[in-house]
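Each step along the sequence shown adds one to the number in our numbering, with nothing skipped, and position 164 is 166. Beneath this line is the structure, given in structure tokens, with notes to follow.
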Amino acid sequence: MALPFLPGNSPNRQLGKERFHKSQHCDISDGRILVGSGKSGIGGELLPGQKFKPKFSVYPRGQSSDVPAWVAFDKQALSFEAFFQEAVPESHTETHRVRKFKIYFYMEDDTIQVVEPEIKNSGIPQGTFIRRQRVSLPPPDDDQFYNIFHFNINQQMVLHSRTFTLTSCDSFTRDFLTRLGVHLNDSTTVPEDPYSNFREQIEKSRNPLRPYERRDTLKQFLDHDRNVLRFFCLWDDTGSVFGDPRELVLHYYLADDTIEIREVISKIPGRNTVPNFLRRCKLPKHGVSQMKQPGGVADRTVLNVFSSTSQGSRFILDSLKTGSIQEEFYKDSDLIVGKEVNVWGRTVLITDCDNFTKEYYRSKFGIEDFTPVHYKAPPVPKPIRRMPPYNGFGSEEDSLMFCQSLLPKPPQKDFRKFMEKDRCGLESHVLNYRAKMVTSDVIDRDRTFILSFFLTDDSISVFERPKRNSGGFGGKFLERGRVKKPGQELFKSEISEYFTAQDLYVGATLCINNRNFLLLEADEYTLKYMEKHAEEFPKANIGNIISKLRSIPEDQQSEIRKFLTLSDPGNTGFIPYESFRGLLSGLDCGLSEHEILVLGRSFSEPVGPPEVDVGLMLAAAQDFIKKKPFDDIPAMARAFAHQDQHKVGRLSDKEMRTICKAFQLPLPEKLLGDLLSRFSDGDKIDYNAFLAGINWVEYPAPPIKPEDSLKFVFNLTPAVDEAPLKNVNYSSLLKDVFSAPSINADPTTSIS
Numbered sequence: 003m004a005l006p007f008l009p010g011n012s013p014n015r016q017l018g019k020e021r022f023h024k025s026q027h028c029d030i031s032d033g034r035i036l037v038g039s040g041k042s043g044i045g046g047e048l049l050p051g052q053k054f055k056p057k058f059s060v061y062p063r064g065q066s067s068d069v070p071a072w073v074a075f076d077k078q079a080l081s082f083e084a085f086f087q088e089a090v091p092e093s094h095t096e097t098h099r100v101r102k103f104k105i106y107f108y109m110e111d112d113t114i115q116v117v118e119p120e121i122k123n124s125g126i127p128q129g130t131f132i133r134r135q136r137v138s139l140p141p142p143d144d145d146q147f148y149n150i151f152h153f154n155i156n157q158q159m160v161l162h163s164r165t166f167t168l169t170s171c172d173s174f175t176r177d178f179l180t181r182l183g184v185h186l187n188d189s190t191t192v193p194e195d196p197y198s199n200f201r202e203q204i205e206k207s208r209n210p211l212r213p214y215e216r217r218d219t220l221k222q223f224l225d226h227d228r229n230v231l232r233f234f235c236l237w238d239d240t241g242s243v244f245g246d247p248r249e250l251v252l253h254y255y256l257a258d259d260t261i262e263i264r265e266v267i268s269k270i271p272g273r274n275t276v277p278n279f280l281r282r283c284k285l286p287k288h289g290v291s292q293m294k295q296p297g298g299v300a301d302r303t304v305l306n307v308f309s310s311t312s313q314g315s316r317f318i319l320d321s322l323k324t325g326s327i328q329e330e331f332y333k334d335s336d337l338i339v340g341k342e343v344n345v346w347g348r349t350v351l352i353t354d355c356d357n358f359t360k361e362y363y364r365s366k367f368g369i370e371d372f373t374p375v376h377y378k379a380p381p382v383p384k385p386i387r388r389m390p391p392y393n394g395f396g397s398e399e400d401s402l403m404f405c406q407s408l409l410p411k412p413p414q415k416d417f418r419k420f421m422e423k424d425r426c427g428l429e430s431h432v433l434n435y436r437a438k439m440v441t442s443d444v445i446d447r448d449r450t451f452i453l454s455f456f457l458t459d460d461s462i463s464v465f466e467r468p469k470r471n472s473g474g475f476g477g478k479f480l481e482r483g484r485v486k487k488p489g490q491e492l493f494k495s496e497i498s499e500y501f502t503a504q505d506l507y508v509g510a511t512l513c514i515n516n517r518n519f520l521l522l523e524a525d526e527y528t529l530k531y532m533e534k535h536a537e538e539f540p541k542a543n544i545g546n547i548i549s550k551l552r553s554i555p556e557d558q559q560s561e562i563r564k565f566l567t568l569s570d571p572g573n574t575g576f577i578p579y580e581s582f583r584g585l586l587s588g589l590d591c592g593l594s595e596h597e598i599l600v601l602g603r604s605f606s607e608p609v610g611p612p613e614v615d616v617g618l619m620l621a622a623a624q625d626f627i628k629k630k631p632f633d634d635i636p637a638m639a640r641a642f643a644h645q646d647q648h649k650v651g652r653l654s655d656k657e658m659r660t661i662c663k664a665f666q667l668p669l670p671e672k673l674l675g676d677l678l679s680r681f682s683d684g685d686k687i688d689y690n691a692f693l694a695g696i697n698w699v700e701y702p703a704p705p706i707k708p709e710d711s712l713k714f715v716f717n718l719t720p721a722v723d724e725a726p727l728k729n730v731n732y733s734s735l736l737k738d739v740f741s742a743p744s745i746n747a748d749p750t751t752s753i754s
């Protein structure tokens, strides 16, 4: 019953509207303006005669991710198995055919592709049945397209007037639809095609009169190409005249089961030799007596059916193979270490094989015993070649080269060591020590020497420091060269031993040319180099030193702790290095002077660079300015005053450096920085005092020595005479070595 035509009861949506605008109804296609039938009205309302056509599938909706569908589902498709039954009205042998298809649904754009797998001799063009496209639903819903929810198993789909029955799907499709909440039906089977069964029966019933005998060797070639088994063999030919044992190498090619044998030719065989003992071929197992004439062995027998001089001849192959001869050849299963192989009447014994062959037999046949056959007598030991003793002419290495060959060569030097230990930048690879002569002579006892050890060739040079009013000139005491260790015989066959870098350390005594030298100190580079390469220098290995301290008895440990604690009444944790050195030297802990020094350096208090006298710095600065000469000091004073806007007599460090660089003040960078830091008062520098200090005309400084000026140019390190250590952190030493709980604990208590 219709409702009365009253306001609110009418289904007309335009009732109550006041604005009836229309949207742009035109669209641009191929550069032309056409009427777009898919354009909706304002606000998305459909115009009269329009139907709603969804542009995209209901999935994905983009609720969980902002990634578009063509990115989220790229290269992902749902796969279904399907079929349809096609009638064949013009054939008397069949009424219909069942054709199988694969249906792919691409989720990125809701396109469908139907592909028919190709079948041999089907007589039907197969392949892509429906190109990838969006397929509309059957009428009356032909204005819509198939989406993901239209697919299910064991149901029919109409695609372009073809009714397909979906039978199954793959595992990915099943899991994907299940996660979407689609209830999948059970899989069904494809009905049998009567024509396909008929063709299959015809092919099975065929029995060719001349069956094709296929011998497929391609698979064996592809699987085992370049794979060769190698065996070491022996042929004992001592029974013949002038015969001797011969060593052979047997190669078995797995690609075609052929064998090749090569002879191991000695340096002086005494006979004519050939490279191949047996060319590559299949090796039969029979002997020489069973060999057939050429042409007597054939796989098949040829029957002469008809032969005529006028009409020709006819031949066929014997299908019963009455004349075929089955010949046995050696296979890989016949070649085992310890067995014999008949090589055309010669008995060859397999003695050993290589690792690849062992692994092959272990994996294929399960053989584990590969004990080689020993047939060689043990080698005769070579007589000891004694060298004649050194005769005193030249070096020992040079004299030894004359005894090793008729054409002597110079001794070969260690070039790799030379390249690694040669001078490279600041790495000089030269170890310098300060030494004194151990003698009872009062004059020689006060002489000071610099002993240098060159790591490139293990050579040593000794230089004596000149000493004022000593009566000596100083200079070179020993030319650079290798030094032999004392106590060795001069004329002997063995090479003499020379001093190495490990023999030199602080506290060591070296006998050089019958003079004993005691190494007192080493420079900073030498100590750092030895500590850096502690694996080469045991005396500088802190791990070995700590192990020695930990191995001393308990009473000595308690004595050490007591002495260290009493030497520090203020409980600062530091004691002078000399007290520390005297303690370890007096307790006889088994540590050398160098080991005590390394231990003190490891637990030492960091010491800054020594302070330089301001007067010396100003004298050096005036010396540099005087040598140029530099006369722009008044101009620099005016520049400083102009830069000082507040007229306080002080400028910042940056402003001072800028003006000095602008006037090209001839001072080294380090010296200029030190002078500016000395005249600074907080963050400002008194430029008047700075100019007065470097003014060599009005305020000349006393002259200085050239070596004092070089200190500011090359930033030289302190001399080797200066003490490298001052204080030692004994609290950290006790904690690391003796596991002391605290420096304030009772030193007489036992150590846990």
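From the three backbone atoms N, C-alpha and C, an ideal C-beta is built for every residue, glycine too. These numbers were taken from a predicted model, which means no experiment stands behind them.
Asked, Found
"Touch test, the region 108 to 116 against the region 72 to 90, Cβ-Cβ under 8 Å, three pairs minimum", "yes"
"Beta strand (DSSP E) runs contained entirely in the region 300 to 375, provided each spans 3 or more residues", "304 to 310, 314 to 319, 342 to 345, 348 to 355"
"Bounding residues of the alpha helix (DSSP H) (the contiguous stretch that carries E556)", "556 to 568"
"Closest Cα partner of R348 within the set G368, K415, F279", "F279"
"Inter-residue spacing [alpha-carbon to alpha-carbon] between F605 and F582", "11 Å"
"Euclidean distance between Cα positions of S407 and M389", "12 Å"
"Uninterrupted alpha helix (DSSP H) stretches inside the region 220 to 244 (no shorter than 4 residues)", "220 to 226"
"Residue environment, G695, which counts as buried when at least 16 other CB atoms sit within 10 Å", "buried"
"8 Å contact criterion, which H162 and I132 should meet: CB distance rounded", "6 Å"
"Own chain, CB closer than 6 Å to P571, minus 5 neighbours either side, in chain order", "none"
"Close beta carbons around G245, own chain, < 6 Å, minus the five adjacent residues each side", "D239"
"Boundaries of the alpha helix (DSSP H) in which V73 is found, first to last residue", "71 to 74"
"Spatial distance of P743 from T567 (CA atoms)", "Reliability of the predicted coordinates at P743 is poor, the pLDDT of 42 falling under 50, and the value obtained from them is presented with this limitation in mind. Those two C-alpha atoms are separated by around 13 Å."
"Start-to-end residues for the beta strand (DSSP E) that takes in N731", "729 to 731"
"Cβ-Cβ separation, K438 to L522 (assumed contact under 8 Å), whole Å", "6 Å"
"8 Å contact criterion, which I635 and L693 should meet: CB distance rounded", "6 Å"
"Rounded straight-line distance, which links the Cα of P705 to that of L735", "48 Å"
"Bounding residues of the beta strand (DSSP E) (the contiguous stretch that carries R388)", "That residue, R388, is in no beta strand (DSSP E); it is neither H nor E in DSSP."
"Beta carbon of Q87 nearer than 7 Å to that of V100", "yes"
"Integer Cβ distance of F519 from L453, believed to fall under 8 Å", "6 Å"
"Residue(s) in a DSSP beta bridge with M439", "F519"
"S549 versus A536: straight-line alpha-carbon distance, rounded", "15 Å"
"Boundaries of the beta strand (DSSP E) in which V464 is found, first to last residue", "461 to 466"
"Buried/exposed call for M638, threshold 16 Cβ in 10 Å", "buried"
"I261 in three-state terms, based on DSSP", "strand"
"For E429 and L480, the rounded distance between their alpha carbons", "24 Å"
"Own chain partners of A641 with C-beta closer than 8 Å, once the 5 adjacent residues on each side are dropped", "I661, A664, F665"
"Residues bridged to T130 (per DSSP)", "V117"
"Spatial neighbours of L250 in its chain, beta-carbon cut-off 8 Å, leaving aside the 5 residues before and after", "F234, C235, L236, W237, I263, R264, E265, V266, F279, V350"
"Limits of the alpha helix (DSSP H) - the one that A641 falls within", "635 to 645"
"Distance, Y579 Cα to D590 Cα", "17 Å"
"Own chain residues within Cβ distance below 6 Å of E118, not counting five before or after", "F103, Q128, F131"
"Supposed close pair T169, V192 - CB separation, criterion 8 Å", "6 Å"
"Contacts around F166, its chain only, beta-carbon distance under 6 Å, and the 5 residues preceding and following it disregarded", "A84, F86, M159"
"Sequence-distant residues of the same chain with beta carbon closer than 7 Å to L586, five excluded per side", "L593, I598"
"Continuous beta strand (DSSP E) stretch holding K102: start and end", "98 to 108"
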